[in-house]
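Q:
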Amino acid sequence: MSTEPIQTELGFTEMYLVEARSIGGMSGSPVFVRPTYGQKIRREDGELVTQFSVGTGETLLGMAQGHWAIREEEINKPSFTHDNKRGVNYGVALVVPAFKIYETIFQPFLVGMRQELEESIIRKQRTNP
């Protein structure tokens, strides 16, 4: 859960850990999730099993940040070494939660900067048609 800080190469932070493949250059990509629904069905042999089906609609989970490649013996140490020897990473990836992105881009200081820039562009367009 994003409310339980995990250890990364930059220290402890709030991130989602997801099972996924990742390749270099994918950082910053949006990560979406779809709900799945399980229903119990009885097979022909009489065994009761759960069958999963994909729901409709995607939700933005967050932004791909990279691959979580911490060695087990280094978990909870103040510093550790990441192992990035493979071209395609598989296993656990880091995802910045969408609410963290929102918190960042809507900081009052940044909102003010964007408003000033937009006003400046509008003024320029009015004086130079």
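Under the numbering used here, the residue at position 97 of the sequence shown is numbered 1251, and the numbers go up by one with no gaps. We put the CB at the ideal spot given by N, CA and C, even for glycine. None of these values were measured; they are calculated from a predicted model.
1. Checking 8 Å against the spacing of the C-beta atoms, do residue 1164 and residue 1184 come in under that value?
2. Where do the N-terminal and C-terminal ends of the alpha helix (DSSP H) with residue 1264 fall, by residue?
3. Let me know the beta strand (DSSP E) ranges lying completely inside the region 1162 to 1207, each 3 residues or longer, listed in chain order.
4. Give me the Cα-Cα distance between residue 1205 and residue 1191, rounded to the nearest whole angstrom.
5. Going straight from the alpha carbon of residue 1170 to that of residue 1212, what length do you get?
6. Going by other Cβ atoms of all chains shown within 10 Å of its Cβ, with 16 needed for buried, is residue 1261 buried or exposed?
7. Is it the case that the Cβ atoms of residue 1252 and residue 1221 are separated by a distance below 8 Å?
8. Does the separation of the CB atoms of residue 1219 and residue 1172 fall below 8 Å?
A: Straight from the coordinates:
1. no
2. 1262 to 1281
3. Within the region 1162 to 1207, the complete beta strand (DSSP E) runs of at least 3 residues are 1165 to 1167, 1170 to 1173, 1184 to 1187, 1190 to 1196.
4. 8 Å
5. 17 Å
6. exposed
7. It is not a contact, given that the beta carbons lie outside the stated cut-off.
8. no
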